[in-house]
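Chains as they are written, first to last, in my numbering: chain A, 389 to 851; chain B, 389 to 851. Working notes, structure below.
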């Protein structure tokens, strides 16, 4: 981690200390923790970390930083994967994890407003017993503010959509230090530019999200979960495609390849077959679920599926999805001391079999090593490329593999990132994907943050 | 309609004539037609109307206009309602209605790409027999480009969402005269700012949409439609609210008040009871629809509903929805020679009964006259205020009523426009609703269209 001169931004830190007292820190451990993510990207520590307790405090922090031209990096739970939180130009980390108020839950409108630091699990716990749930589930116990910032999705997106579809409004502190609400609580509106969607996925480069108004959903009357192992990867993928094309309203349909199953068996002490496997979940009325299950079982059987193993009770389902959620750590545990380069392409569903099997072949041919896991109902999959950080030649081959994978996804009319975002890790891929449209993004960035202080070096490379 | 000096923008028109030959016209009838919408707002004719046949021709038109600093107004079917197409600063109307190519339909990915001038009915006709449909249905036979530009929704939005949720990507000619694609065909992406959602609802003020990539849906196995009359308006609204809160996946649930039913009976030669009435439609498997119908029938009975009258065959359903779609013209026919001021507020569902009954009382107290119709499943309703354009005092009272209605909706955490947009008719309401956030919108407008030539005077009032 590069060392930063401690006196840079000293005036900013002094002003913040006056505002926040002990809730601003320059301790090495706090700074290093906040300048690192679980990814392969080299970390970069901020000069200080501030812990606001309210939107108004965030506003003051932004005003102080703006006055002293100090970069600002919003931080939630630090679970993003593309160097989003790395302070590559130094500055102040605004850690929102102490803003954990659940402002309002309106069961009658199926919505809620939470502060940015509320985590997915905290919200889930709060809603339990009210017959409501929030569906976006990226696996990690991320904050809702962070999930909005990175346009997160996860296992439920195939049925319920991503943060894009499940956020009604945001409270944001702009780069000018103003507090705005991007929208009201109405389910739809045609009033002006869609600032909500602009801030979702902006990764803190256009402002700091401090409150999130979310769509909630009623807990389904009936939930069933199952796993199904397949003879071949292509068979599993073809079963997914047919399920989606038949518009079965499946809630989750996740693919783990044989290597990932082996990793999960070890890590989570499961005894699933080591084979390409689908993790499935069905939501609906009892009759509705029965209909869905019947259809999908038939589809799986036709593509070499070995039959469903069921987990219908809450505990069984929890264990199943915990294994799925721990896929990243389970994968990492295959090679202790190595790092993971996660890829995140997403393609139209009709291209998924081609893209996945070509990628699998490329992986084998390149002598690299990594499990594959995917939200395949969306056309999204990850190769968790395991690399020895002390072997630069291997890392270089990993990067070349990743670049080929992105080119392959783009050729299939897909995207370089389905859900992880750009951060500082995919700047070149963004340009490859969007071409001249990146200039519009740059113009928007410059218009809303002319001084370039909001999470600089992320999403948009300065011109 | 204000007269414009014919020689202004003469150089632009000469250059366009060279490009397009007879596909640019300065005829009075074409200009007047393109500077008028069905609304109450005074029209304003453009200097000329251009009919491009391709994205590349639109690009050349934009480049020519930019060179001569001539305003540009995109035009689809001219069915928008807030003066969106009025050339209030003169300039060139870019009429996209001859760009009617259906570029691609991918049944296996449930998506399609169409040129901006393809209309809803043309697409519907094209998809028939392929087992697919596009759900967004604003009533009018609008173009898909226009629907994207105004963030249109309509009767199906309660189940399928609005244009915001049903557009995957757009091809846009920017104010700089560049052609960009806002996204690829992947179902989700976290790659950079959401330019797709930014252009949806921008009403042609940030660029000209020339192609739209749409999500399609499978035609449901079973469709049933019904009407149900109620004792009271509040009873009908409460039935809607309970249906939504129980998360019944109803496809359409529309409210028409007694006056609107009377108008529809006359206009469409129906014989429905003159009472507050819900128009309902259920989509799903046969069993699924039966479940939904059972639930909703029970809810309606509990709120004073008089039982369902069914229309299950295609013709019967068509007749029913035609009556609903003609509500605007049926309402207008109640007062020949008068004009309609349409309102368009949308509130959280829990506030709908209060907002609607207060509005009904206000309407009666103010001595004004107009039927009420609403996409009440979304919390969205319209008062079709009928006004004698030759009675300025009445028009003034109408405007005051509209302003009170918007304040009421905002007080209920709602929006001034659920689906019609801002155009030049709701500029002040936008500021009331968004406060300081309008400055962000203005900054974006200025960044993407520094010369202010893209549909000037719409959405954002120049500062």
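Beta carbons: idealized from backbone N, C-alpha and C, even for Gly.
**Prompt:** Between the C-alpha atoms of residue 838 of chain A and residue 564 of chain A, what's the straight-line distance to the nearest angstrom?
**Reply:** Near 9 Å, if we compare the C-alpha coordinates of residue 564 of chain A and residue 838 of chain A.
**Request:** Less than 8 Å between the CB atoms is what I'm expecting for residue 677 of chain B and residue 610 of chain B, so what's the real figure, rounded?
**Result:** Indeed they touch by this definition, with Cβ atoms about 5 Å apart.
**Request:** Whole angstroms is fine: what's the gap from residue 619 of chain A's alpha carbon to residue 711 of chain A's?
**Result:** A direct Cα-Cα distance of roughly 21 Å separates residue 619 of chain A from residue 711 of chain A.
**Identity of the residue in A:848, A:798, A:808, A:802 nearest residue 772 of chain A by Cα** = Closest option to residue 772 of chain A, Cα to Cα, is A:808.
**Simplified DSSP assignment, three categories, for residue 773 of chain A** = Strand at residue 773 of chain A.
**Prompt:** Just how far apart, CA to CA, sit residue 698 of chain B and residue 528 of chain A?
**Reply:** For residue 698 of chain B and residue 528 of chain A, the gap between their C-alpha atoms comes out near 49 Å.
**Request:** Would you verify that the beta carbon of residue 832 of chain A is, or is not, closer than 7 Å to some beta carbon of chain B?
**Result:** Flagged as an interface residue toward chain B: residue 832 of chain A, by a C-beta distance shorter than 7 Å.
**Asked** Within 7 Å (strictly less), CB to CB, does residue 846 of chain B reach chain A?
**Response** Judged by the 7 Å Cβ criterion, residue 846 of chain B is not in contact with chain A.
**Message:** Please classify residue 777 of chain A as buried or exposed, where buried requires at least 16 other C-beta atoms within 10 Å of its C-beta.
**Reply:** Exposed, since its Cβ has fewer than 16 Cβ neighbours within 10 Å.
**Asked** If you run the structure through DSSP and keep just helix, strand and coil, what is residue 837 of chain A?
**Response** Coil at residue 837 of chain A, not helix or strand.
**Item:** Proximity of residue 665 of chain B and residue 617 of chain B at Cβ, strictly below 7 Å
**Value:** Residue 665 of chain B is a Cβ neighbour of residue 617 of chain B, given a cutoff of 7 Å.
**Item:** CB contact below 7 Å: residue 767 of chain A versus chain B
**Value:** So yes, residue 767 of chain A belongs to the interface.
**Prompt:** Which whole runs of the beta strand (DSSP E) in the stretch 488-537 of chain A are 3 residues long or more, in chain order?
**Reply:** Counting whole runs of 3 or more residues, the stretch 488-537 of chain A contains the beta strand (DSSP E) stretches 490-494, 499-503.
**Element boundaries [alpha helix (DSSP H), containing residue 654 of chain B]** = 646-656 is the extent of the alpha helix (DSSP H) around residue 654 of chain B.
**Message:** So for residue 726 of chain B, helix, strand or coil by DSSP?
**Reply:** Note: residue 726 of chain B maps to coil in three-state DSSP.
**Prompt:** Any idea if residue 391 of chain B is buried or exposed, counting beta-carbon neighbours within 10 angstroms, 16 or more meaning buried?
**Reply:** Confidence is the limiting factor: at residue 391 of chain B the pLDDT is only 45, short of 50, which leaves the residue's position unreliable, though a coordinate-based value still follows. Counting other Cβ atoms within 10 Å of its Cβ, residue 391 of chain B stays below 16 and is therefore classed as exposed.
**Asked** Residues in the stretch 637-663 of chain B with C-beta within 7 Å of chain A's C-beta atoms, listed in sequence order?
**Response** Those would be none; no residue qualifies.
**Request:** Using alpha carbons as the reference points, say which of B:560, B:709, B:438, B:428 lies closest to residue 410 of chain B.
**Result:** Comparing Cα-Cα distances from residue 410 of chain B to each of B:560, B:709, B:438, B:428, the minimum goes to B:438.
**Message:** Let me make sure I understand the geometry here. Which of A:404, A:691, A:429, A:434 has the alpha-carbon closest to that of residue 418 of chain A?
**Reply:** Ranking the options by Cα distance to residue 418 of chain A, first place goes to A:434.
**Request:** Find out if the Cβ-Cβ distance for the pair residue 639 of chain B, residue 669 of chain B is shorter than 7 Å.
**Result:** In this structure, residue 639 of chain B sits near residue 669 of chain B, with a CB-CB distance shorter than 7 Å.
**Request:** Answer yes or no: does any C-beta atom of chain A fall closer than 7 Å to that of residue 542 of chain B?
**Result:** Cβ-Cβ to chain A under 7 Å: no for residue 542 of chain B.
**Prompt:** Would the beta-carbon of residue 677 of chain A be found less than 6 Å away from any heavy atom of the ligand PLP?
**Reply:** Looking for the ligand PLP in the displayed structure turns up nothing, as the structure carries no ligands at all.
**Asked** What three-state label does DSSP hand residue 425 of chain A in the structure shown?
**Response** Coil.
**Any C-beta of chain A under 7 Å from that of residue 716 of chain B** = Not closer than 7 Å to any Cβ of chain A, the Cβ of residue 716 of chain B fails to qualify, so no.
**Request:** Could you tell me whether the stretch 805-822 of chain B touches the stretch 564-578 of chain A, using the rule of 3 or more Cβ pairs below 8 Å?
**Result:** Verdict: yes, contact present.
**Contact check, residue 484 of chain B vs residue 504 of chain B, beta carbons under 7 Å** = Closer than 7 Å, so yes.
**Request:** Per DSSP, which residues does residue 462 of chain A bridge with? Please list them.
**Result:** Residue 462 of chain A has A:482 as its beta-bridge partners, per DSSP.
**Asked** Is the Cβ-Cβ distance between residue 588 of chain A and residue 555 of chain A less than 7 Å?
**Response** Contact check for residue 588 of chain A against residue 555 of chain A passes: the beta carbons are separated by less than 7 Å.
**Selection from A:673, A:593, A:482 that minimises the alpha carbon distance to residue 850 of chain A** = Residue 850 of chain A has its Cα closest to that of A:593, out of A:673, A:593, A:482.
**Request:** Would you check if there are 3 or more beta carbon pairs closer than 8 Å linking the stretch 642-659 of chain B to the stretch 715-729 of chain B?
**Result:** With the cut-off at 8 Å, the stretch 642-659 of chain B and the stretch 715-729 of chain B touch.
**Request:** Rounded to whole angstroms, what's the CA-CA distance from residue 622 of chain A to residue 741 of chain A? Just pull it up for me.
**Result:** It is roughly 6 Å from the alpha-carbon of residue 622 of chain A to the alpha-carbon of residue 741 of chain A.
**Message:** Considering only their Cβ atoms, is the gap separating residue 724 of chain A from residue 801 of chain A smaller than 7 Å?
**Reply:** With contacts defined as CB atoms closer than 7 Å, residue 801 of chain A and residue 724 of chain A fail to qualify as a contacting pair.
**Item:** Short-range partners of chain A found in the stretch 558-578 of chain B, where Cβ spacing is below 7 Å
**Value:** Listed by position along the chain: 562, 566, 568, 569, 570, 572, 573, 574, 575, 576, 577, 578.
**Prompt:** What are the residues of the stretch 724-741 of chain A that lie near chain B, defined by any Cβ-Cβ distance shorter than 9 Å?
**Reply:** Listed by position, the residues of the stretch 724-741 of chain A near chain B (Cβ gap below 9 Å) are 732, 733, 734, 735, 736, 737, 738, 739.
**Asked** With residue 444 of chain A and residue 812 of chain A assumed to form a contact (beta carbons below 8 Å), what rounded beta-carbon distance in angstroms separates them?
**Response** The beta-carbon separation of residue 444 of chain A and residue 812 of chain A, rounded to 30 Å, does not stay under the 8 Å limit for a contact.
**Prompt:** For the beta strand (DSSP E) that residue 626 of chain A lies in, which residues bound it at each end?
**Reply:** Counting along the chain, residue 626 of chain A sits inside no beta strand (DSSP E); it lies in the alpha helix (DSSP H) bounded by residues 621-633.
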